[in-house]
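Position one of the sequence shown corresponds to residue 3 (this note's numbering), numbered consecutively onward. Where is the CB? At the ideal position from N, CA and C, for every residue including glycine. All values reported here derive from a predicted model rather than from experimental measurement. Following: one structure in structure tokens, then a few remarks.
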Amino acid sequence: MPSEYQYSLLIVDDNPQNRLLAVEQLMQQEETYKILAAPSAAIADKLLERYAIDLILLDWEMPGTNGISFLQKLKAHPQQQNIPVIMYTGIMTSPESLREALDAGAADFLRKPADPIELLARCRSILSRDQYYKALIQAEEERSRFKLQELSASLIQIAQQKRLLKEILDELEQLESHGPLLQLQQKIKHKLKVEGNWSELQNRIQLLHQEFIKKLESTHPNISQEELIYCTLIYMGLDQKEIMDILDISPESALRNRYRLRQKMQLHSQERLEEYLKNI
């Protein structure tokens, strides 16, 4: 017996002989499967809360909650809806039953008694496919995470550059402005606008944080586009000084923005805007 199992399977069947047969068929052929068994949907629910299940072999006809009702409940559960399910039945075997099971979210359909080789082949196929999809999702999440980190780094870099240019400009304005010095001031002022770069960054912000922006717009439809960007920068974790530098606004303007947002969102005095946006 392996010290570590590769997959955990849950067999849900009220008939003890059917449960034992399915367990034996799988364990005799595949030692990397950890097999759990439940005689009812209620026991299956408890096992799902306790263990990470990779595949469910589900009987259709059971007392209490039947297989289809259990499957529908499973697919509505945020943490369990992606667990693949094979409907395993000896009674509901018509094409109409097959369609009903697939429509409810079953990944496959097996008629009892299943040939041991066919049972194992179906389980392996579904687990392999599920592993492939999980790998794709993980790769996409990593790409998204990298893009978000890259965007945050770009925004912080812009904030630092603008802050430095403002400091240089303030020092230059203390000097007499004529000739080359005046031209240098004008170049710095032009550089501070970075209109093209900011427009591109706005598009990237809206693309990478579109889910947050949609939720914010849905919750507070009275918020302007400028306020949406302001809120998104807060949501990204940028501090107030960085946001002021990026948006080229004064501390007074930043305070007014926050006050207007708090009014529109009807936040209590104890509620922090940053925490509210993080949890929206």
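Quiz prompt | At least three beta-carbon pairs within less than 8 Å, the stretch 114-126 to the stretch 99-106 | solution = no
Quiz item: Is residue 170 buried or exposed, if buried means 16 or more other CB atoms sit within 10 Å of its CB?
Solution: exposed
Exercise. May I ask which residues mark the beginning and end of the alpha helix (DSSP H) holding residue 61?
Key: That residue, residue 61, is in no alpha helix (DSSP H); its beta strand (DSSP E) goes 57-61.
Quiz item: Is it the case that the Cβ atoms of residue 235 and residue 248 are separated by a distance below 9 Å?
Solution: yes
Quiz item: So the alpha helix (DSSP H) residue 218 belongs to, where does it begin and stop?
Solution: 212-221
Quiz item: How long is the line joining the alpha carbons of residue 114 and residue 35, rounded to whole angstroms?
Solution: 21 Å
Quiz item: Quick one: is residue 141 buried, meaning 16 or more other Cβ sit within 10 Å of its Cβ, or exposed?
Solution: exposed
Quiz item: Where residue 111 and residue 134 are concerned, what is the direct C-alpha to C-alpha distance, given to the nearest angstrom?
Solution: 21 Å
Quiz item: residue 113 lies in the beta strand (DSSP E); which residues open and close that run?
Solution: 110-113
Practice problem: Give every residue of the same chain whose Cβ lies closer than 7 Å to the Cβ of residue 279, excluding the five residues on either side of it in the sequence, and list them in chain order. | Solution: 233, 236, 237
Quiz prompt | Rounded Cβ spacing between residue 16 and residue 61 (contact assumed at less than 8 Å) | solution = 7 Å
Quiz prompt | Simplified DSSP state of residue 12, which is helix, strand or coil | solution = strand
Practice problem: Compare the Cα-Cα distances from residue 146 to each of 88, 210, 206, 266 and report the closest residue. | Solution: 210
Quiz item: What are the start and end residues of the alpha helix (DSSP H) that includes residue 106?
Solution: 97-106
Quiz item: Do you know how far the Cα of residue 254 is from the Cα of residue 240?
Solution: 18 Å
Quiz item: With distances taken from CA atoms, which of 37, 14, 282, 80 is nearest residue 89?
Solution: 14
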